[in-house]
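Student: Here it is, the structure in full.
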């Protein structure tokens, strides 16, 4: 089956309402783009990670609605415009050719080389170096495939400080990628915690595929009896605001003499996050990449 895109340029005030109305009128999907993309007038819309955007469209927006090839495109646009109480806007049609969408999507994801010897390999690829530390991990709903600088930095820290025989806690585990690296580097016991049930499900699935024995829990489950209270290594790749709030809790999870590793932090946020942990553990920047940093610190010994 082939499809057609209905392309409409509108002012910011109408973009969101028109998008919703197009869906109600029969569009299969709708996206909003910056109509000034690629020009001097192009501008970013979203702020920092973890921050809600203050705007949901650009001053000069392009609404793109996907429809079936034989749909009455004029009727869809007219119905949507009437629902928004605006004059029917001008639009153009763009054909969308039939493609093997699965193969096209897979072609966008190649094996990722991280650190000295780590490879994150989608299931449809062979490992470039079978003797390396290979993680079979497909892109999915949960954050963490090794492509983001914060994930890379944490993986590189673990590779530089192999937790052989150690206990490791991956707090905010997402896909479980850091927990997997720790286990493959020789950690004796590894736990992962995340607030998102989808992340827990994804992490468990990835651990089974990679033949790693790791326990994953939601925070309320993990806080219950029967789980270790402290760990030799605690890794938390989240964002600066929740990391600051969790300073007492995360610090308390580090065993005497153990290491705490934090990421999801912009370089300009390093001092304020380190200050939040200062009463518990002295943290310092271990590495920086593309404006993101990893903080690491050792807890006081016995």
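In our numbering, the protein residues as written are 107 to 408. In this text, a Cβ means the ideal position worked out from N, Cα and C, and glycines have one as well.
Pick from 355, 230 and 345: whose alpha carbon is nearest that of residue 337?
Tutor: As a working mapping, residue 337 is identified with position 231 in the chain shown. Among 355, 230 and 345, the Cα nearest to that of residue 337 is on 355.
Student: Please determine, among 221, 314, 115 and 216, the residue with the shortest C-alpha to C-alpha distance to residue 198.
Tutor: To locate residue 198, count along the chain shown from 1; it is residue 92. The candidate whose alpha carbon is nearest that of residue 198 is 115.
Student: Between the segment 256–263 and the segment 296–303, can you find at least three pairs of beta-carbon atoms closer than 8 Å?
Tutor: They do not touch, by the three-pair rule.
Student: Quick one: is residue 269 buried, meaning 16 or more other Cβ sit within 10 Å of its Cβ, or exposed?
Tutor: Sequence index remark: in the chain shown, residue 269 carries index 163 (1-based). With 16 or more other Cβ atoms within 10 Å, it is buried.
Student: Note the first and the last residue of the continuous beta strand (DSSP E) segment covering residue 409.
Tutor: For residue 409 there is no data in the structure shown, the boundaries of the chain being 107 and 408.
Student: Given a threshold of 16 other Cβ atoms within 10 Å of its Cβ, counted over all protein chains shown, does residue 342 qualify as buried or as exposed?
Tutor: Here residue 342 is taken as the residue at index 236 of the chain shown, counted from 1. By the neighbour-count rule (16 or more Cβ atoms within 10 Å), residue 342 is buried.
Student: Would a C-beta distance cut-off of 8 Å place residue 190 and residue 131 closer than the cut-off?
Tutor: Within the chain shown, the letter at position 84 stands for residue 190. Within the chain shown, the letter at position 25 stands for residue 131. No, the pair does not count as a contact, with Cβ atoms beyond the cut-off.
Student: Straight-line CA distance for residue 388 to residue 403?
Tutor: Position 282 of the chain shown, counted from the first residue, corresponds to residue 388. Position 297 of the chain shown, counted from the first residue, corresponds to residue 403. Rounded to whole angstroms, residue 388 to residue 403 spans 6 Å at the Cα level.
Student: Taking DSSP's pairing of strands, which residues face residue 372 in a bridge?
Tutor: As a working note, residue 372 is residue 266 in the chain shown. Per DSSP, 398.
Student: Excluding the 5 residues preceding and the 5 following residue 344 in the sequence, name in chain order all residues of the same chain whose CB lies nearer than 7 Å to its CB.
Tutor: To locate residue 344, count along the chain shown from 1; it is residue 238. Contacts found: 278 and 370.
Student: Taking 8 Å as the limit between beta carbons, can you name the residues of its chain near residue 407, skipping five residues before and five after?
Tutor: One-based indexing of the chain shown puts residue 407 at position 301. Closer than 8 Å at the Cβ level, and outside the excluded window around residue 407, lie 362 and 363.
Student: From the DSSP output, in three-state form, read off residue 362 for me.
Tutor: Here residue 362 corresponds to residue number 256 of the chain shown, with the count starting at 1. In this structure, residue 362 counts as strand in the three-state DSSP scheme.
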